[in-house]
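Numbers -31 to -1, 1 to 260, taken from mature numbering (1 follows the signal peptide of the UniProt record, and there is no 0), label the letters of the sequence shown in order.
Heads up: the structure comes next, in structure tokens.
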Amino acid sequence: MPSFLPHTSARAAGLFAAVALVLASAMPASALPGGGRTPRAIVEADSDLPPPVTGVDVEEHLGAPLPLETRFLDSSGEEVRLGTLLSKTRPTLLTLVYYECPMLCSLVINEQVRVMRELGLELGKDYEALTISIDPKDTPGQSSERRRKYLQSMGRPETAPWHFLTGTDENIRKLADAVGFKYTYDPSTKQYAHPAVVTVLTPEGSISRYLYGTSFDRQNVKLALLEAAGGRVGTSVDRIVMSCFKYDTATRRYGFYIFGFIRLGSLAVFGALATMLIYFWRRELKKGATT
């Protein structure tokens, strides 16, 4: 009899383990250790997307003016008031970057340069550009180096109106807050986390449009500049084309505007009829003169 006890105990232990496994599988996830929740660190490690960076965003302030009284240093080290750099007749492409940025800032400006070369609009004649560092440690010497580099890549002279500025943290923050450009400094990496965006300004210095990302559509940039200028730049054809497109706030792109096209078509028909009437009227006048 005693010889069977070990076998009986083994069977009982196996049965108990099986029952426990069934009960555990039937229990709700919330009753398990940890409440059935996967630790956040594991979720973020398994995800292809990085965790969100707190404090980095763009709050659109369309129509809001820039703080034109703020002062910065230009690429020659001279102090300038922001308002004096706006032409009052041409729109401006504004970029906020910093010179020691390991990647994102270069991607934005390199793409901006590519689009500027293909716009069909001339820097200095149809629009201007303004790049301001968000790092108060950046210097006018760095501004000068980058300004020369980007103008050369566009084949433009050093007198072209693309201003590179540096400034104090107070003035930088004041400008960034007006634009809605939210950024933050990470002491552990000694880098700034910031959005990728180019802001289109009216000639008077108000915010007209935001262009997001590191890849810009040439047509969107051109239409944004034409819109910001209020018809004061570009050719007559550009202004006609502009009336056929409308900005879509959902897609953040310019789309075909059917009513603008109809309006243009009506004007074309009216012009053709007026021309025809003038032609016949002049012909009748000539006939009357000869009889």
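Ideal Cβ positions, reconstructed from N, Cα and C, are used throughout, including at glycine.
- The DSSP assignment places 109 to 123 and 138 to 148 as complete runs of the alpha helix (DSSP H) inside the region 79 to 159, in order along the chain (cut-off: 4 residues).
- Taking G182 as the centre and dropping the five residues before and after it, the same chain places the C-beta of A165 closer than 6 angstroms to its C-beta, in chain order.
- The beta carbons of S112 and T137 sit about 15 angstroms from each other, so the pair does not count as a contact at 8 angstroms.
- When DSSP reads this structure, D26 sits in a beta bridge with K151.
- Closest by C-alpha distance to F41, out of V84, F133 and K118, is F133.
- Three or more beta-carbon pairs drawn from the region 80 to 88 and the region 185 to 198 are found closer than 8 angstroms, and the two stretches are therefore classed as touching.
- In this structure, L170 is the residue among G46, L170 and T153 with its C-alpha nearest to the C-alpha of L63.
- Straight across, the Cα-Cα distance linking R86 with V148 is about 26 angstroms.
- By the beta-carbon neighbour count (other beta carbons within 10 angstroms, threshold 16), W250 is exposed.
- L170 sits in a strand when the DSSP states are folded into three classes.
- Using a C-beta cut-off of 8 angstroms, the region 92 to 103 makes contact with the region 122 to 130, since at least three inter-stretch Cβ pairs fall below that distance.
- In this structure, the straight-line span from the alpha carbon of Y154 to that of C70 is close to 12 angstroms.
- Counting only the Cα atoms, Y68 lies some 8 angstroms from D104.
- Across the set I101, V66, E38 and G46, the C-alpha of E38 shows the shortest separation from the C-alpha of T53.
- Separation of R178 and T158 (C-alpha to C-alpha, rounded to the nearest whole angstrom) is 32 angstroms.
- DSSP places R187 within a helical segment (H, G or I) once states are collapsed to three.
- The three-state reading of DSSP puts S44 in coil, since its state is none of H, G, I, E or B.
- Between the alpha carbons of L120 and S75 lies a distance of about 14 angstroms.
- For S177, the enclosing beta strand (DSSP E) has its first and last residue at I176 to Y181.
- Residue range T61 to V66 is occupied by the beta strand (DSSP E) that includes L63.
- Straight-line spacing of the CA atoms in E114 and P34 works out to 29 angstroms.
- Distance between I141 and G89, taken at the CA atoms: about 32 angstroms.
- Here A165 carries a coil assignment [DSSP, helix/strand/coil].
- Residue L65 holds the alpha-carbon nearest to the alpha-carbon of T168 among Y152, S102 and L65.
- Going by C-alpha positions, V190 is about 20 angstroms away from E28.
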